[in-house]
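Colleague: Protein chains in written order, with the numbering used here: chain A, 321 to 738; chain B, 321 to 738.
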């Protein structure tokens, strides 16, 4: 957009960041932008998405080139709430002179798992054994070499466990096509044009995430490494810092993330999802945007991932990443199987009555089963206590039920006779 | 509004709070509303005020009854960014069934210093000697009894040192009418219809502020008492907690604030500005809204004044008020005498390069001399260090000058030869 005259910013002298997508990540980025004197501009399909509900600067549309170009006019940087943006459009924006951050060359590694695996392998980083799948028999060939179970993945477009199939044997495929023989499942996916790869199923103790930010200037900053607790392929809890992680392994995880950020020339945030195994760390996925594993930083770190992402894409010096409490636990609020009759407003009332210290982040979304509609952060000194509080709080907000049987009327545990 | 059908909230099931005024207090309240799943609705005269720059839900207008009614449609509560709203309009809203918080009966004490002084006196609380002024000679009569100097105040409409005249003798009046004899100044103000009171000039060590929140249910919560540092009648720094304040006196200040909140039936926030004198605490002013003395709470307390204000006016249970660090210092960023040539964006860059830990809150306002355009918060363990950092940072953002002579190019103090 160098050759166009941008419209004057309504925020005198303050930069404008445009974000592709109007979900909760954009919503919370706008919240951080306010402190920096800014107002986030978002490209959103619908007016009632989480971000357009709270920011006035909304460009309607999806990730088509025309909408992306409308978003970019007058922006100091364009960045992402999600990775689902075609590479050719991003390259057209770069050709227009737009500061696309991260650059499409970097973002490709968060969009395409096969490209990512190849690159990280070439860098000598620890990744699972993997192979591209282009014919129905290749999964079985791979398993013959590496053993069952294996994990089949769509190279592009998956998130929160979608696009991932855990395969125990040639005859049973869990997931989207449960019960179907593996060869049929693969044939069906290939026929639908889904690019596929297969990986060994890594035996692990737990999952970790290392999050860093990097600016175009090359400055980088790392938050403490966290443990992410998954259910059904979806993150439900984050424990910061990862409990019991040796300093050596924490440094290794941060070094891996910093090295990837540097070698791929990532600008903005990078989250590296890791498996902790008997043999050490293994890299699972990359994300180049604010990430669920960093939601704890809003109150839990001196600089939140959302503020840091803005600082990074604007090439501001980065903020301090130290923690604000010895222990921080994040728990996602997921839509319940059956939406409670009690309104979410009333649920928040009751939550605050029981736990005045819990920090609530609701996204303004309608509730659907397992949909991420908010999260809670709990700061403390004791992990067991913080975790118990966070899980109780998130479950209450989801279901209007206290998992421990606490009664709102007595203020006591059910069955407590003292 | 009980008889009207409100429009559906764009935030499903989340409450809507309307705020009269679109300044920085509304801006930061919106920022807090986002976490609670809400979006603040603001009544703002101009589209480029601090709050309308960042919230989509803007009702254009000032505090006239028609605009106030437009704001109130569909609101669960209506509250205030400033006190400049006529009582008769607020009473009309109450008559419409709007939840006006605080109620006009309470707010009156923050709008009218004479009403406030009479009420607090009647409660037996410590206030300066004072008298209403309705004829030009009454100031001298008051001084004859209590001694010079005295402080003349407009009973309504003053803020940030405006509407306050410090009078040393019958012949010299500082402030707006410097040099004019007192009797002429008083006659002029009375002729202009300004309601006046005169007070003894309290000899004090320093100024303190006690901030509390109270909900319609009657729950109240107090933050630690802070010291406010004033220049030219305007707050420039806040030190939390007030250094060297005895626990006894801190409790006394909190008790005063809690008692006022209770007896006046305040809902939302109450800030009590206090003088610390040889004889104990003396009450200066009241504010019933988020207040400059509470800006430190954004990062400095587990619940910020902005979140707490929303919780209080919505009758949510209140949040934990404990501090996030042993020491928190807030410094206001004031417009410089001469706006620097370096843009504010560039100033923020340089600030972050020197102080990555400073939290910046800019309001998106144009810079004019002494206008509050932002603030910084610094958390730490050592007051001297935190204060030095906050003051350097705020002065830099105002003027693009480092008061300590630090040089951006060397990264060292000027004259530092090591």
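C-beta: ideal position from N, C-alpha, C; glycine also.
Are the stretch 653–672 of chain B and the stretch 622–637 of chain B in contact at 8 Å, needing three or more beta carbon pairs?
Modeller: In short, these stretches do not touch, since the Cβ pair count stays below three.
Colleague: For a cutoff of 8 Å on Cβ pairs, would you count residue 643 of chain B as touching chain A?
Modeller: Not one chain A Cβ lies under 8 Å of residue 643 of chain B.
Colleague: Classify residue 767 of chain A as helix, strand or coil using the three-state DSSP reduction.
Modeller: Within the shown structure, residues of chain A are numbered from 321 to 738, placing residue 767 of chain A beyond reach of any answer.
Colleague: Which residues, in chain order, does the stretch 511–532 of chain A contribute to contact with chain B at a C-beta distance below 9 Å?
Modeller: Cβ contacts with chain B come from no residue of the stretch 511–532 of chain A.
Colleague: Which of helix, strand or coil does DSSP assign to residue 440 of chain B?
Modeller: helix
Colleague: List, from N- to C-terminal side, the beta strand (DSSP E) runs of 3 residues or more that fit wholly inside the stretch 532–588 of chain B.
Modeller: Within the stretch 532–588 of chain B, the runs of beta strand (DSSP E) that reach at least 3 residues and sit entirely inside it are, in chain order, 540–542, 546–551 and 554–560.
Colleague: Give the single residue among B:346, B:671 and B:708 whose Cα lies nearest to the Cα of residue 727 of chain B.
Modeller: B:671
Colleague: Listed in chain order, which residues of the stretch 357–371 of chain B have Cβ atoms closer than 7 Å to some Cβ of chain A?
Modeller: 357, 359 and 368
Colleague: Helix, strand or coil for residue 418 of chain B? Go by DSSP, reduced to three states.
Modeller: coil
Colleague: Out of A:486, A:544 and A:502, point me to the one whose CA is closest to residue 523 of chain A's CA.
Modeller: A:486
Colleague: Please check if any C-beta of chain A sits within less than 8 Å of the C-beta of residue 450 of chain B.
Modeller: no
Colleague: Would you please state the rounded distance, in angstroms, between the beta carbons of residue 375 of chain A and residue 365 of chain A? I believe it to be under 8 Å.
Modeller: Between residue 365 of chain A and residue 375 of chain A the Cβ distance is about 15 Å, and since that is not below 8 Å, they are no contact.
Colleague: How many whole angstroms separate the CB atoms of residue 360 of chain B and residue 337 of chain B, which I take to be in contact at a CB cut-off of 8 Å?
Modeller: Yes, residue 360 of chain B and residue 337 of chain B are in contact; Cβ-Cβ is about 6 Å, under 8 Å.
Colleague: Does DSSP classify residue 399 of chain B as helix, strand or coil?
Modeller: strand
Colleague: In terms of alpha-carbon separation, which member of B:433, B:687, B:667 and B:385 lies closest to residue 418 of chain B?
Modeller: B:385
Colleague: Starting from the Cα of residue 432 of chain B, find the closest Cα among B:464, B:515 and B:410 and give me that residue.
Modeller: B:515
Colleague: Below 8 Å between beta carbons is the criterion; list the residues of the stretch 654–681 of chain A that meet it against any residue of chain B, in chain order.
Modeller: 663, 664, 665, 668, 669, 672, 673, 676, 677, 679, 680 and 681
Colleague: For residue 441 of chain B and residue 695 of chain A, what's the separation of their Cα atoms in angstroms?
Modeller: 47 Å
Colleague: For residue 426 of chain A, report the span of its alpha helix (DSSP H) as first-last.
Modeller: 424–431
Colleague: Helix, strand or coil for residue 694 of chain B? Go by DSSP, reduced to three states.
Modeller: When DSSP states are grouped into helix, strand and coil, residue 694 of chain B belongs to the strand group.
Colleague: Listed from N- to C-terminal order along the chain, which residues in the stretch 688–718 of chain B have their beta-carbon within a distance smaller than 8 Å of any beta-carbon of chain A?
Modeller: Listed by position, the residues of the stretch 688–718 of chain B near chain A (Cβ gap below 8 Å) are 694 and 699.
Colleague: For residue 548 of chain B, go through chain A and note every residue whose CB falls closer than 7 Å to its CB, in chain order.
Modeller: Those do not exist, as residue 548 of chain B stays about 22 Å from chain A at its closest Cβ, beyond 7 Å.
Colleague: Taking the alpha carbon of residue 398 of chain A as the reference point, which residue from A:596, A:528 and A:388 has its own alpha carbon closest?
Modeller: A:388
Colleague: Can you check whether the CB of residue 503 of chain B is closer than 8 Å to the CB of residue 448 of chain B?
Modeller: no
Colleague: Counting only Cβ pairs nearer than 8 Å, list the residues of chain B close to residue 578 of chain A.
Modeller: Within chain B, no residue comes near residue 578 of chain A; the closest Cβ sits about 17 Å away, beyond 8 Å.
Colleague: Residues bridged to residue 647 of chain A by DSSP?
Modeller: A:700
Colleague: Which residues share a DSSP beta bridge with residue 387 of chain B?
Modeller: Paired residue(s): none; residue 387 of chain B is not in a bridge.
Colleague: In the DSSP output, what is residue 485 of chain B paired with across the bridge?
Modeller: Residue 485 of chain B is bridged to B:472.
Colleague: Verify the CB distance criterion: does residue 334 of chain B have a CB-CB separation below 8 Å to chain A?
Modeller: yes
Colleague: Between the Cα of residue 430 of chain A and the Cα atoms of A:608, A:470 and A:650, which residue gives the shortest distance?
Modeller: It is A:608 whose Cα lies nearest to the Cα of residue 430 of chain A.
Colleague: Report yes if the C-beta distance between residue 505 of chain B and residue 451 of chain B is below 8 Å; otherwise report no.
Modeller: no
Colleague: Would you grab the beta carbon distance between residue 546 of chain A and residue 616 of chain A for me? Rounded to a whole angstrom, and I think it's under 8 Å.
Modeller: 7 Å
Colleague: Checking contacts by CB at 8 Å: is residue 351 of chain B closer than that to chain D?
Modeller: Here chain D cannot be found, since the structure's protein chains are A and B.
Colleague: Between which two residues does the alpha helix (DSSP H) carrying residue 355 of chain A extend?
Modeller: 344–355
Colleague: According to the Cβ coordinates, are residue 347 of chain B and residue 367 of chain B closer than 8 Å?
Modeller: no
Colleague: Based on Cα-Cα distance, which residue from A:588, A:649 and A:579 lies nearest to residue 613 of chain A?
Modeller: A:649
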